[in-house]
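**Student:** Read in order, the letters of the sequence shown are residues -21 to -1, 1 to 125 in mature numbering (1 follows the signal peptide of the UniProt record, and there is no 0). Have a look at the structure that comes next, please.
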Amino acid sequence: MKHWKALAVTSLLAFPVSGLAADISATLYKNPNCGCCAEYAKYLEQNGFDVETIDTHDLVKMKAEYNVPEELHGCHTTVVGDYLFEGHVPVESVTQVLDEKPSIIGLSVPGMPLGSPGMSGEKRGPLEVYAIASQSTESPDIYATH
């Protein structure tokens, strides 16, 4: 019986649990003067991501190249693998996308909502996370609510 317990523990250590962000590389593009973007990078790092931060003044151009609709623009852009995350997207939604691999460009939390990951202040109501569709749609779909 002890042998099986040791084997089970070893298996758990050898194969990471789905949804954990251990050793996942992320590149965060931000305006050099934005403090909340640096806080969001810390939030990702605290949740196991290896974050490279790149200061740029060309965020709008970059968002256009990724086909991010203007109404879904966040204050920074994070690229993880084949996906793009706009703004202060909760890590639970990021890891869900990485696990499930949906046919979307990525996720967005538009603007700078108070109390969202990396933002100071008290959260006011639910935080809506929108899917950035591969094809243009009339209105964006809510992917998750936190």
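Heads up, the beta-carbon is just placed ideally off N, CA and C, and yes, glycines get one too.
#1: Please name the residue in Asn10, Leu77, Ile3 whose C-alpha comes closest to that of Asp37.
#2: In the DSSP assignment, find the alpha helix (DSSP H) that holds Tyr45 and state where it starts and stops.
#3: According to DSSP, simplified to helix, strand and coil, what is Lys80?
#4: Within 10 angstroms of the Cβ of Thr57, are there 16 or more other Cβ atoms? Answer buried if so, exposed if not.
#5: Measure the C-alpha to C-alpha separation of Ile111 and Tyr8 and round it to an integer number of angstroms.
#6: Less than 9 Å between the beta carbons of Glu65 and Val88, yes or no?
#7: Given this structure, state the Cα-to-Cα distance separating Gly94 from Gln114, to the nearest angstrom.
#8: So, with DSSP's three-state summary, where would you put Val(-5)?
#9: Have a look at the DSSP bridge pairing and note the partners of Val108.
#10: Applying the criterion that 16 or more other CB atoms from any shown protein chain within 10 Å of the CB defines a buried residue, is Ile33 buried or exposed?
#11: Per DSSP, which one or two residues make a beta bridge with Val88?
#12: Look up Leu93 in the DSSP assignment and say whether it is helix, strand or coil.
#13: Given that a residue counts as buried once 16 or more other Cβ atoms are within 10 Å of its Cβ, and exposed if not, what is Pro105?
#14: Going by DSSP, which residues form a beta bridge with Glu31?
#15: Determine the direct distance from the alpha carbon of Ile3 to that of Met91, and round the result to whole angstroms.
**Tutor:** Taking the coordinates as given:
#1: Asn10
#2: Taken as a continuous stretch (DSSP letters only), Tyr45 belongs to no alpha helix (DSSP H), as it is neither H nor E.
#3: coil
#4: buried
#5: 17 Å
#6: yes
#7: 30 Å
#8: Any reading at Val(-5) must be qualified, since the residue scores a pLDDT of 38, below 50, and its modelled position is unreliable; the value itself is stated next. Here Val(-5) sits in coil by DSSP.
#9: When DSSP reads this structure, Val108 sits in a beta bridge with Ala123.
#10: Within 10 angstroms of the beta-carbon of Ile33 lie fewer than 16 other beta-carbons, which makes it exposed.
#11: Gly66
#12: coil
#13: exposed
#14: Glu31 pairs with Thr6.
#15: One C-alpha to the other measures close to 24 Å.
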